[in-house]
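Engineer: From first to last, the protein sequence lines stand for chains P and D. Read in full-length UniProt numbering, the first sequence has 129 at position 129, and its numbers run on one by one without any break. Read in full-length UniProt numbering, the second sequence has 54 at position 54, and its numbers run on one by one without any break. Yeah, the Cβ is synthetic: ideal placement off N, Cα and C, and Gly gets one too.
2 protein chains.
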Amino acid sequence: MKDDTSIRENIGRVTRRRIRVRAELLAAAHQVFTSRGYQDATISEIITVADVAIGTFYLHFRDKEDLLFALADEAFHILRAQIHAALAHSPNEAVIPLIVRTLLQAAYEQRDMFKLICTGETHLLLHARMQQAQQGLIQHFIPAFQAAQEEGQLDSYDPVLLARLLVGMLVWAMGLWFEQDGPEPEVVAEHILFMLGQGIVPPHSMTNTERSA
Amino acid sequence: MKDDTSIRENIGRVTRRRIRVRAELLAAAHQVFTSRGYQDATISEIITVADVAIGTFYLHFRDKEDLLFALADEAFHILRAQIHAALAHSPNEAVIPLIVRTLLQAAYEQRDMFKLICTGETHLLLHARMQQAQQGLIQHFIPAFQAAQEEGQLDSYDPVLLARLLVGMLVWAMGLWFEQDGPEPEVVAEHILFMLGQGIVPPHSMTNTERSA
């Protein structure tokens with residue numbers, strides 16, 4: 001019994017250490033990638049920042065690209081977790097506004113990470129992951145649009161295409177923060193929800209002649 | 001007098017030939033870039049397709065990148081020209097629906113070119129031009145949103161941010177055709193205009209509980 005316990009404790013210690021070292025390497029990569037850019041970052045600099053030996057690095061990651069993939073997966077995982085938490089904690093709130101607000105807030109908090117993922121030379125490497133994340137988001141919205149359709153509120157418009165267009169606007173909006181920190185995510189969310197809630201083009205919107213006049 | 005005329009005719013002939021050769025090089029580059037990819041395309045293949053000597057190539061373009069820039073500029077120029085023509089020919093139509101329909105139709109017709117511009121390794125090279133084209137589009141929409149605001153139809157929402165979000169959705173929608181040819185541009189335009197015209201989220205949109213039920 002005593003031996004069993006100490007083995008369990010030892011395994012626990014090893015596992016905890018592995019988890020901690022992995023987290024330190026990811027944090028160091030995040031810092032080096034976002035400050036120096038992915039292309040110019042070196043594993044040698046990352047292990048220095050993480051204070052980890054090169055052999056330990058290779059226990060966790062195959063190469064620099066593997067590290068980038070792990071970072072991106074973590075960023076998407078955090079987004080998903082925040083959306084799931086919001087849905088679980090506010091079961092009586094309307095789904096679409098809840099996801100729009102939560103997603104933009106979460107993306108804003110991780111904006112340096114998403115800038116790294118979505119721009120520059122990493123964009124190509126992470127293209128498939130971006131597509132997958134967008135698909136996941138679309139799947140969240142589809143049931144809400146289908147419900148609206150069943151209630152006759154979408155005429156004959158396709159709920160799936162509407163969900164895709166909404167996700168497109170959200171993904172594009174996340175890029176607003178790549179160049180500057182504003183506008184605040186709440187402001188962007190409220191503008192999108194205003195558009196989604198009542199439209200933004202008045203029935204008799206301005207014609208070209210009026211514009212030139 | 002006779003001499004003057006023949007000089008003028010000669011200059012006209014030289015100019016016409018230069019314009020024709022330039023157009024042939026651009027068409028050849030378009031073909032080679034979109035079939036083989038920008039990175040793998042060679043000037044040697046492009047001049048073979050255009051049936052032009054290498055020395056002639058360098059009268060027109062500095063290098064492969066210069067040719068890519070010229071192609072992208074032409075694609076954006078065609079978009080702008082089609083939007084300006086639509087505005088000029090339909091002075092009594094509402095501006096926003098007119099631009100949305102024209103832009104999506106024009107982008108669809110040039111979808112292989114925009115796929116080349118917006119994806120893969122050329123994406124980085126053309127980033128500044130893409131930004132500039134988006135800014136130009138935003139400027140087209142701002143007066144329409146400002147007019148709606150003056151009529152009290154936008155509450156306190158920012159017409160500039162709404163214009164940016166609309167352009168974001170349009171730019172993203174253009175990417176729908178990079179992987180497959182559908183949905184048709186008219187269908188995408190009508191979905192966006194439905195969203196802009198009356199909103200797509202019903203006032204009492206489905207809650208999370210209803211979704212799980």
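Whole angstroms are fine: how far does the CA of residue 92(P) sit from the CA of residue 213(D)?
Structural biologist: At residue 213(D), the pLDDT of 43 sits below 50, so the modelled position is not reliable; the number obtained from the coordinates is stated separately. When rounded, the distance between both Cα atoms is 12 Å.
Engineer: Could you list which residues in chain D have their beta carbon closer than 8 Å to that of residue 173(P), in chain order?
Structural biologist: 165 and 168
Engineer: Measure from the C-beta of residue 136(P) to each C-beta in chain D and report whether the shortest distance is under 8 Å.
Structural biologist: Closer than 8 Å to the CB of residue 136(P) there is not a single CB belonging to chain D.
Engineer: Compare the C-beta of residue 183(D) against all C-beta atoms of chain P and say whether one is closer than 8 Å.
Structural biologist: Yes, its Cβ sits closer than 8 Å to a Cβ of chain P.
Engineer: Taking residue 136(P) as the reference, which of 194(P), 83(P) and 114(P) has the closest Cα?
Structural biologist: 83(P)
Engineer: What are the start and end residues of the alpha helix (DSSP H) that includes residue 177(D)?
Structural biologist: Here residue 177(D) belongs to no alpha helix (DSSP H), and DSSP marks it neither H nor E.
Engineer: Residues in the same chain with beta-carbon distance under 7 Å from residue 101(P), minus the five sequence neighbours each way, listed in chain order, please.
Structural biologist: 189
Engineer: Please specify which runs of the alpha helix (DSSP H), each continuous and at least 4 residues long, are wholly inside the UniProt domain "HTH tetR-type" (19-79) of chain D, giving them in chain order.
Structural biologist: 43-50 and 54-60
Engineer: Exposed or buried, residue 164(D), counting other C-beta atoms within 10 Å across all chains shown (16 or more means buried)?
Structural biologist: buried
Engineer: What is the C-beta distance between residue 28(D) and residue 46(D), in whole angstroms, given that I count them as a contact (C-beta under 8 Å)?
Structural biologist: 5 Å
Engineer: Between the beta-carbon of residue 71(P) and the beta-carbon of residue 26(P), is there less than 8 Å?
Structural biologist: yes
Engineer: Enumerate in chain order the residues of its own chain whose CB-to-CB distance from residue 54(D) is below 7 Å, with the five nearest sequence positions on each side excluded.
Structural biologist: 47
Engineer: To the nearest angstrom, how far is the alpha carbon of residue 21(P) from that of residue 43(P)?
Structural biologist: 15 Å
Engineer: If you run the structure through DSSP and keep just helix, strand and coil, what is residue 6(P)?
Structural biologist: helix
Engineer: Between the segment 142-152 of chain D and the segment 169-176 of chain D, do three or more beta carbon pairs fall short of 8 Å?
Structural biologist: Fewer than three pairs of CB atoms, one per stretch, sit closer than 8 Å, so the segment 142-152 of chain D makes no contact with the segment 169-176 of chain D.
Engineer: Which whole-angstrom value describes the C-beta separation of residue 111(P) and residue 177(P), a residue pair presumed to lie in contact below a C-beta threshold of 8 Å?
Structural biologist: 4 Å
Engineer: At a CB distance below 8 Å, what residues from the UniProt domain "HTH tetR-type" (19-79) of chain D approach chain P? Give them in sequence order.
Structural biologist: none
Engineer: So, is the C-beta of residue 108(P) closer than 8 Å to a C-beta in chain C?
Structural biologist: The structure shown contains no chain C; the protein chains it does contain are P and D.
Engineer: So, does the CB of residue 222(D) fall closer than 8 Å to a CB anywhere in chain P?
Structural biologist: Only positions 1 to 213 of chain D appear in this structure, which leaves residue 222(D) out of reach.
Engineer: Check whether chain D comes within 8 Å of residue 14(P), counting only Cβ atoms and requiring the distance to be less than that.
Structural biologist: No, no contact with chain D.
Engineer: Are any of the Cβ atoms in chain P nearer than 8 Å to that of residue 117(D)?
Structural biologist: no
Engineer: So residue 31(P) and residue 49(P) are supposed to be a Cβ contact under 8 Å. How far apart are they, rounded?
Structural biologist: Correct: roughly 6 Å between the Cβ atoms.
Engineer: With respect to the alpha helix (DSSP H) encompassing residue 188(P), which residues constitute its N-terminal and C-terminal limits?
Structural biologist: Where residue 188(P) is concerned, the enclosing alpha helix (DSSP H) stretches over 185-198.
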